[in-house]
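In the UniProt record's numbering, the protein residues as written are 1 to 198.
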C-alpha cells in the first residue's frame, strides 16, 4: 500500500503541492478550527490542482477566479454554455481540461491518503457522538412537530372545525438521494452512515 498507490500522493508530487498533505490533515482533524468533511477536503484539493494547473500555464487570473472555474467545471447547476466557456478559456491558456478533470479526486481518495499514507486516524467515537447529537436534535424537532399538530387538531376538533375520532400523529422524515434515487428514513440514513451509492 502507501503513497505509490495513492492518487492524492502522486498528484501532490506532480503538481508540487508539498504543504497540501499537512493542510488536509489539519483540516480533517480540526486542528486549525472547525473540522472539515472528506467531501470538503476533496473539493479543496481539486481546487488546489486547478490553481496549480493555472499557475503552471502562466494564466492571468483575478482573485477568486480559480474557485469560480472549479465551480463552473463541477457544479451540476451550471449551464452547459457557461461550462463550455470556462473550459475554452482554460484550454486557450494551455490547460488540458479533460486530463485535469480526470485527476480530480473523490472523498474516498482523500480518506485513503489521510489514513493509509499519512497514518492519520480521526477519533470515530467523537464522530459517533456528533451523529448521535444531531439525531437528538432531529428527534426533538420531530417531537415538537408532533405536539404542534396534535394541539392544532385538538383545538380544531374542540371548536367543531374538524371532525376526528381517536387519532395518532405520525411525523416521518425521509431523505432521497438525488444521485441514485434511493429513499431512506433519516434514522436509517444516520445508522448506515450515508447512501449506498457513495
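For glycine and all other residues, C-beta sits at the position ideal for the given N, C-alpha and C.
Residues of its chain near residue i, where Cβ-Cβ distance is below 7 Å and the 5 sequence neighbours each way are ignored
{"i": "residue 106", "result": "42"}
{"i": "residue 46", "result": "70, 104, 105"}
{"i": "residue 164", "result": "153, 157"}
{"i": "residue 48", "result": "17, 20"}
{"i": "residue 30", "result": "none"}
{"i": "residue 97", "result": "87, 90, 91"}
Burial state of residue i (16 or more Cβ within 10 Å)
{"i": "residue 145", "result": "exposed"}
{"i": "residue 141", "result": "exposed"}
{"i": "residue 113", "result": "buried"}
{"i": "residue 193", "result": "exposed"}
{"i": "residue 110", "result": "buried"}
{"i": "residue 11", "result": "buried"}
{"i": "residue 80", "result": "exposed"}
{"i": "residue 67", "result": "exposed"}
{"i": "residue 9", "result": "buried"}
{"i": "residue 159", "result": "exposed"}
Which residues DSSP lists as bridging residue i, in chain order
{"i": "residue 176", "result": "183"}
Cα-Cα separation, residue i to residue j
{"i": "residue 197", "j": "residue 180", "result": "7 Å"}
{"i": "residue 138", "j": "residue 87", "result": "42 Å"}
{"i": "residue 183", "j": "residue 32", "result": "36 Å"}
{"i": "residue 72", "j": "residue 44", "result": "15 Å"}
{"i": "residue 148", "j": "residue 172", "result": "15 Å"}
{"i": "residue 190", "j": "residue 7", "result": "29 Å"}
{"i": "residue 39", "j": "residue 131", "result": "17 Å"}
{"i": "residue 118", "j": "residue 90", "result": "32 Å"}
{"i": "residue 176", "j": "residue 187", "result": "13 Å"}
{"i": "residue 125", "j": "residue 35", "result": "The predicted position of residue 125 is uncertain, since its pLDDT is 48 and thus under 50; a value taken from the coordinates is nonetheless stated next. Using only the alpha carbons, I get a separation of about 15 Å."}
{"i": "residue 162", "j": "residue 108", "result": "53 Å"}
{"i": "residue 120", "j": "residue 166", "result": "56 Å"}
{"i": "residue 143", "j": "residue 134", "result": "14 Å"}
{"i": "residue 64", "j": "residue 13", "result": "25 Å"}
{"i": "residue 85", "j": "residue 55", "result": "20 Å"}
{"i": "residue 22", "j": "residue 37", "result": "15 Å"}
{"i": "residue 78", "j": "residue 136", "result": "36 Å"}
{"i": "residue 28", "j": "residue 74", "result": "22 Å"}
Beta-carbon contacts of residue i that lie in its chain and below 6 Å, excluding the five residues immediately before and after
{"i": "residue 95", "result": "53, 57"}
{"i": "residue 1", "result": "Because the pLDDT of residue 1 is 49, which lies under 50, any placement of that residue in the model is unreliable, and the number read from its coordinates should be weighed accordingly. Closer than 6 Å at Cβ, skipping near neighbours: 116."}
{"i": "residue 93", "result": "57, 59"}
{"i": "residue 155", "result": "none"}
{"i": "residue 76", "result": "none"}
{"i": "residue 100", "result": "53"}
Same chain, Cβ closer than 8 Å to residue i, five either side skipped, listed in chain order
{"i": "residue 169", "result": "146, 149, 150, 153"}
{"i": "residue 82", "result": "72"}
{"i": "residue 174", "result": "183, 184, 185, 186"}
{"i": "residue 26", "result": "32"}
Any chain D beta carbon closer than 8 Å to residue i
{"i": "residue 117", "result": "This model lacks chain D altogether; it includes just one protein chain."}
Can you give, in chain order, each stretch of the alpha helix (DSSP H) that sits fully within the segment 48–92 and has at least 4 residues?
Counting whole runs of 4 or more residues, the segment 48–92 contains the alpha helix (DSSP H) stretches 65–74, 80–92.
In chain order, each alpha helix (DSSP H) run of at least 4 residues that lies wholly inside the segment 100–155
Counting only runs of 4 or more, we get 107–112.
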